[in-house]
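Chains as they are written, first to last, in UniProt numbering: chain A, 1 to 551; chain B, 1 to 298; chain C, 1 to 325; chain D, 1 to 339.
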C-alpha cells in the first residue's frame, strides 16, 4: 500500500520536474545518513528516526539510518565533527536548566562550535549577539524579549529539526501517599525534591520506596555524576537557592537574596541550620563551598564558580561579586552548588591537592550535608537508604527515602503493583501500559508532565546540503510533529519547534511552533523553490552544485 | 584402480554419505525435519512473508498499525508496538537465525577441525602451540566476550559469528585432535606414508573423512549456541536492530512491555521458534552420539 | 618429585593463560573504535577539562606504556579506577562478587542435586515412557533462552501469583549485620528463589544427561553385578557403587559449570535486579567504563580459569586411580 | 543332610533377544558333592557362565530362569522368594569373578569392600571386621598393610587373591569361581589354583570352577561337568571323565588344550567348526554337526544324559562305543578329515 503510494508520488514529481524543465540540474544528492541509538535503549528515538527517514525518502533522498550505541554516537558527533550528516539527539531537563542561558548560549554560540556543545557548527553573528546580550541582562522582561528573539532566529534557520518535548510519566501508590501532597514541578515532573519533602503518609508505611534503572555512581557534592545521583544529593545537600516547582528560583538555605547592581548578589543565610553531624552551618561553610569548586579539585563544578570575583561575609550576609554580569547566576550557580561542611572537606581537599586524583573520585563513607534527608546506607547496585532529617527547616513527612535499582522496566512496574515500590521514580516503558496498569490496579495514580528537555535531529551545518537553510527548513517541514508525538511517543509528548519548553512558561515563545508549517507538499514546495530538482525520483542539488562528499 | 573410479559416487554424494546422518533415530529425524522446514522458510521468506519485517505499517485510515492483536486488520500474528507485522518478522527471523547459526557452526566446525587435524597429525611444537591457544580460548568467558565485541563493533549479527569463530573452536579442536591421534595410531596412516603419500593427501584422504561426522556433531551444537547467544546479546541491547532476528523480536517485545500488555502472540512465537531450532540441533546431536559412540546408548 | 613437577607445570600454564587473557583484554578494550571518554562529556565541559580527564586516566600516554602500567598495576592487585564511578574497580567488584557467587552456587547446587537424582532415576528407568518423554524435555530446557525463561517465571510467580518478590536481594531498607546474616535470612531465600530457579532449570540438563549416561555405563560394570551377587541391598548397589562411580565426571563438570554459569548470570541478573558482577559488566560495557569492564571481565575469566584447574584437580582427587597412582 | 551340597536339575535359562528368545541353558543337570571342586568346562558361549550366574540368581536383565530346579542344601533356590535368596547370597554362595580388576569397585579401598560384606552382610562389628580383614589377607597371603590400597594398586594375581579373600569372607558353603585365572599368566595361574585348593581343603567348602580350559580342571578339580551348547554333554569324576571320556566333544576338547604344566601332550588339535546358533539349535544332538562320529540318529534325536558307569553320565547315542571312539579320536587326522 505504502510503496505504491510512494511510486505514484514519484511519478507525479517526475512529471512536475519535466514541466518545469530546469535549465540546469546539480549532482544527485548522495546518500544521507542519520544516526540513532538502538531501539533497546531508546525506543522512541529509534522510532522517530524511522518515521523521519521514511518521510525524507519521499522527498527523493536516499536515507540510511545508522544505529549505534550512545558511546559510539557521542564519539562520532563530538570528535569527528566533519564526518556525519545528521543525528538524533536529546537534552534532558534539569532544575538549573530552568534558566535558558545554558541552552541558548552553549548549543548555538559560534564560540562553542569547534570543541564545545555547538557540534552542529551553527554560525550566525546575529544570533551570537543576542545570545551574549541576554546573559548580561538582569531585567527579566528585557531578557525575555531577547530570549524570544533567539528562539525566532532558530525557528527561521532551523539549525536543528526540533521534534518534541516528551512528557515525564511517573506514578505513586495513592493508598500509601496522600495524593494532594505530591508536587508537580514544571518541566521536571512529580519525581522531584519538593515531592520527596512533601509526601505525606496515609498509614503505617512511611518509607518512600522508588526505583531507578541506572546505578548510583557517586554521592559526591563536588562531582556531577549523573541523573540518578542528583536525586540523592539534592536531598542530602542544601543549596542557597532551589528552583521552585514553578521553575523560578526560590530562596532556600538563603533566607533572602538581592541583586545589588548587575554584578553583585547579597545572600542572607538562614539561621539555626545544622550539618548532619550536629555542627552548625555557618557563612564560612557557604564561602568554602563556593571556593572548593574553583580549587582545581572539582573541574565539573568549576564553571559554576568561575564568574565569581570575590565572596565577602558580613554576619549572616554573604555577598558575591561577579567578574561580569550574569543574569543566570542565581539559577545556574546559587541553585546548583551544594553547600558542604568546611570541617569535613577542607582537610580532604588539602590532601587531594598533593595527589593526582581530584575530589571527583573521592567518596565519603558517610556523606555529610545539611539537607532534608540524611545518608544512611548504600549497597552497591542495589539500594540507597536515606532517613528524614527531622531537624531540618523543611523536614520531610516521610521516614525514609529508599532508592532501589531495578534495571528492568517490566520488573519495576511489577514491583509497583505488588507494593515492593510505592513510587515509580523512573519509567522508560510505554506510558499507556502504565496507565492501563493503574486502571486495573486501582491503587496507583499516574502523573504526566511536559519535560523541560527535548528531542531533536541535529543537522551538520558543515556539510552540504545541510549548509543550505532552505534544505534544512524543507527537511524539518517534511514531518508532521504530531505523527511523532502519536506514533513514537504514544501521545506522551508535545510538538516542539523551540529549545525552550512550553513548561518554562515565562521563557517560551509560542509563536515558533504556531508558525511551523509541515507536510510533504510544504517540504517539496520549499525544495523546488530553492532550485532542487527531482530526476528519476532522486533529488538533485540546485544549479550546478557538485556533490563533494559522496563516498 | 579403474573400476574403483567407476563406482565412485559424486563428491557431494560422498560427502553426504560420510556425514552419516542419523536417520534411524526418530528424534534426530524430527530435528532434521525442523531444520528442513525452517530452511525452506528462510529461502522463500520473500514469498511467505506478507510484509517487509522492518516496514512501519499503517491502517487504511493512515494511523499507525501498532499493537494489533492476531487477526486484526488481517495481520496473522498481530503487529508490534512499532507497527510491524509479527508474522513477517518471524519468517524473516528464520533467515537471520539460520544465517547466524549455520555460518557460526560452519566456522566453529571448520576452524576446530583444521586446528584439531593439524595439531593431531603433525604433533610436536605445532601441537603444543595450538593446544596452548586452545587453553587460552578456554580461559575467555564467552558471553562477556561477545558482549564486549558487540558493544565496540557496530551492532551486527556477525559479531556473534565472529566471537564464536574466535573462541568456540576450542571444544571442537580438542575433540578432533584426540580423534586424529587415535586414527593416526592405526596402521593405515603409516602404511599410506610408507607408500609415499603426501601429508596433505593422507589428511584429506584418510583422516578427514573419518572426522567429518564429529565436526558435523559439534557444528550442530554450535548452531544452537549461536542462536541462543544472539538472542541474549539482543536482549541485553547489543543486537543489530537492522536485521530482524528472533532474539531482536524478544528484546523488542520486552522493551515494549509485551508482558504487561499480555501480548503473548508477540513474545511466545519467537521463543518457541528458538526452542524448536535449538532443540532440533540437540536432537540431531544425540542421534549422532548414539551413532558415533554407541556405548553412551539409550 | 614428578608430582611437584606436574604442579609446577600446571601453575606455569595457568600463568601463561592468565597473561594471554589479560593481554587480549587490554588490546580489545584499547583498540576498539570510540574515544573512551566520549560518553562522559557534558555540555559544560571545556577543552581543558576534557584533556584533564584523559590525563587523569592515563589515556594520553602511548599504548605500550599504558599496557605496562596496566600489567604492573595488575601484579599489585590494582585494577584501576572506574571512569564512571570514580572509585577503585577492585572495591566495586569485591562488593558484588559475593552476590554473584551465592546465586551461582545455590542455583548450581539445586541443578546438580536435581540433575544427579533425576539422571540416576532415568538411567534406572531406561527404555520406559518416562524416560522417552523426559529426555527431549530436558534437551528443550537447554534450548530455552535464559532471559525468556526468567521473564516467564517472573511474570508467573511474582506478578501473577505474587509468591516471590520481583527483584533485589532483600526487602527495601532492610539492614543486616553482615553478608552472612543476610544470606542466612528467610527473606533472602525468597529473593533468591526465582533467579536461582531460572538458572537451575537451565543448568540441570548437563548433570542430568551426564549422570544418566554414566549410570548406564556403570550399571553394566562387573563390580555392580558383583555387588548384587554379594547380596547387598539395592540402595547400596545403586547409590554406593553405581552412583558413586557415575558421579566422578559429573562432579568434575560442576567446576566447569561454575565458570559457564558465571557468564550466564549476566542475563538473569539484569532481569531480577540482582546486584552482581554480570550486570556490572554489562553496565560497564554499555557505559564504556573500560577499567570497570576490564576488571569485571578479568574477574570472571579468573574464576573460569581457576574452575578449569579445579575441575582437573577434583577429578584427580575424587578418582583414586589418579590420586593413588 | 544330603551328600550333594548342590543339585541342578534340568535347569533352563533363556535370553530375550529382539522378539525371540535364546535358550542359553537348555536342561542342564549336575551335582556338586560337599567338599569338592567341580569343574564346569566348555567353549565360550556354551552356557557355563550363565549356569554359574543362574546359581546366584543375579542374571542379565533380559535373562530368565524358565525351568528346572536348583537344590541347594535340599532347598530349591530357583523357587524361593528374592528376599530369601538374597539372604543366602555371599553368606552361603560366594562368587569369584573372572577379572578382579573390573569386579572390584575402583573408588573404594580393598578394606572398604571387605568391610562392606563383613558388616552389611555378615553383621560383624567394626572391630571384628577389622580382625577378620587381617586374617583373610593372611589367609590369601597378602600383607595386611595393603588393606588400605585401592584395587588398581595391586597386580593381577594379587587382585585375584583379594577376590578370593572377599569370597571367603563370610565362610560360604559354596564358592563359584568364574574363570578365576584366565586373565593371568601360567605361573600365577598355578599359584592361585594351588591356594584355592588349599583353602578349599582347609575350610571344607565346595567350589564350582567355571573354565574353558580343560587343563585347569585337570589340575585341581574332583569332578567335571562338560557343557556344550547349553546342555551337559558329560559329567562325572574328573579322572573318569578326562582319562576315559565317553563324549566325542570331551575327547576333542582334551586334544585342544595344553597341560597346565606347560608340556603339550602331543600336538594340539582344535575342534573344527563353531558351536551352533542357539536361536535355531540343530535338532537332535547339538554336537552332531561337528562330530566326526555322528550317525543318522544323532541329527534327529536328542541323546539323554545317561549313566554309563556309576557316577559318570554321558549324553551320546554312541556312548557304548566310547572305548573305540577314544582310540580314533586320539588321532589328529580324525578331526582334520572331518573338516
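Glycine included, every Cβ here is placed at the ideal spot set by N, Cα and C.
Annotation for residue 71 of chain A: no beta strand (DSSP E) segment contains it, though the alpha helix (DSSP H) segment containing it runs 70-79. For residue 211 of chain A, the enclosing beta strand (DSSP E) covers residues 207-212. In the structure shown, residue 99 of chain C falls within a helical segment according to DSSP collapsed to helix, strand and coil. Taking 8 Å as the upper bound on Cβ-Cβ separation, chain C lies near no residue of the stretch 263-295 of chain D. If you draw a straight line from the Cα of residue 255 of chain B to the Cα of residue 70 of chain B, it comes to about 20 Å. Check the Cα spacing between residue 334 of chain A and each of A:324, A:305, A:128, A:347: the tightest is with A:305.
Interface flag for residue 87 of chain D against chain C is set, since a Cβ pair is found closer than 9 Å. Using a CB distance below 7 Å, the part of the stretch 133-160 of chain B facing chain C consists of 135, 136, 138, 139, 140, 141, 142, 143, 144, 147, 148, 151, 152, ordered along the chain.
The stretch 187-202 of chain A and the stretch 228-235 of chain A touch, with three or more beta-carbon pairs separated by less than 8 Å.
Interface annotation, residue 125 of chain C: not in contact with chain B, CB-CB separation never under 9 Å. A Cβ-Cβ contact shorter than 9 Å links residue 305 of chain D with residue 232 of chain D.
Interface annotation for the stretch 77-89 of chain C against chain A: 81, 84, 85, 86, 87, criterion Cβ-Cβ distance under 7 Å. Residue pairing by DSSP places residue 17 of chain D opposite D:20 in a beta bridge.
In the structure shown, residue 255 of chain A adopts extended strand secondary structure according to DSSP, grouped into three states. If one requires a minimum length of 4 residues, the alpha helix (DSSP H) runs lying completely within the stretch 343-429 of chain A are 409-418, in chain order. If you look at residue 157 of chain D, you'll find it isn't in any beta strand (DSSP E); it sits in the alpha helix (DSSP H) that goes 156-168.
Taking the Cα positions, residue 58 of chain D is about 49 Å away from residue 110 of chain B. Going by DSSP, residue 227 of chain D is part of the beta strand (DSSP E) stretching over 223-228. With the criterion set as a beta carbon lying under 7 Å from some beta carbon of chain A, the members of the stretch 154-173 of chain C are 154, 158, 159, 162, 165, 166, 167, 168, 169, 172, 173, in sequence order.
For the C-beta of residue 364 of chain A, not a single chain C residue is nearer than 8 Å; the gap to the nearest is close to 11 Å. For residue 104 of chain D, the chain C residues whose Cβ falls inside 9 Å of its Cβ are 222, 223, 226, in order along the chain.
Checking the DSSP bridge columns, you'll see residue 163 of chain C has no partner listed. Of the other Cβ atoms in all chains shown, 16 or more fall within 10 Å of the Cβ of residue 358 of chain A; this residue is therefore buried. By the CB criterion at 9 Å, residue 43 of chain D and residue 283 of chain D fall outside the cutoff.
The CB of residue 50 of chain A comes closer than 9 Å to the CB of 54, 56, 82 in chain B, given here in chain order.
DSSP places residue 138 of chain A outside both helix and strand once states are collapsed to three, so it counts as coil. With a beta-carbon spacing of about 22 Å, residue 481 of chain A and residue 465 of chain A fall beyond the 8 Å limit used to define contacts.
Counting along the chain, no alpha helix (DSSP H) covers residue 87 of chain A; the unbroken beta strand (DSSP E) around it starts and ends at 86-91. Here residue 148 of chain B has no same chain residue with a Cβ atom under 7 Å from its own Cβ, once five neighbours each way along the sequence are excluded. Contact annotation, residue 304 of chain C with residue 139 of chain B: C-beta distance approximately 6 Å; criterion of less than 8 Å satisfied.
In the DSSP assignment, residue 176 of chain D falls within the beta strand (DSSP E) that extends over 174-178.
DSSP places residue 495 of chain A outside any alpha helix (DSSP H); the residue lies instead in the beta strand (DSSP E), whose first and last residues are 493-495. In this structure, residue 402 of chain A sits away from residue 238 of chain A, with a CB-CB distance that is not shorter than 9 Å. In chain order, 307, 308, 311 place their CB closer than 7 Å to the CB of residue 256 of chain C, counting only its own chain and leaving out the 5 sequence neighbours on each side. Counting every other CB atom within 10 Å of its CB across the protein chains shown gives residue 96 of chain C a total of 16 or more, marking it as buried. Residue state for residue 220 of chain A is assigned as coil, using DSSP reduced to three classes.
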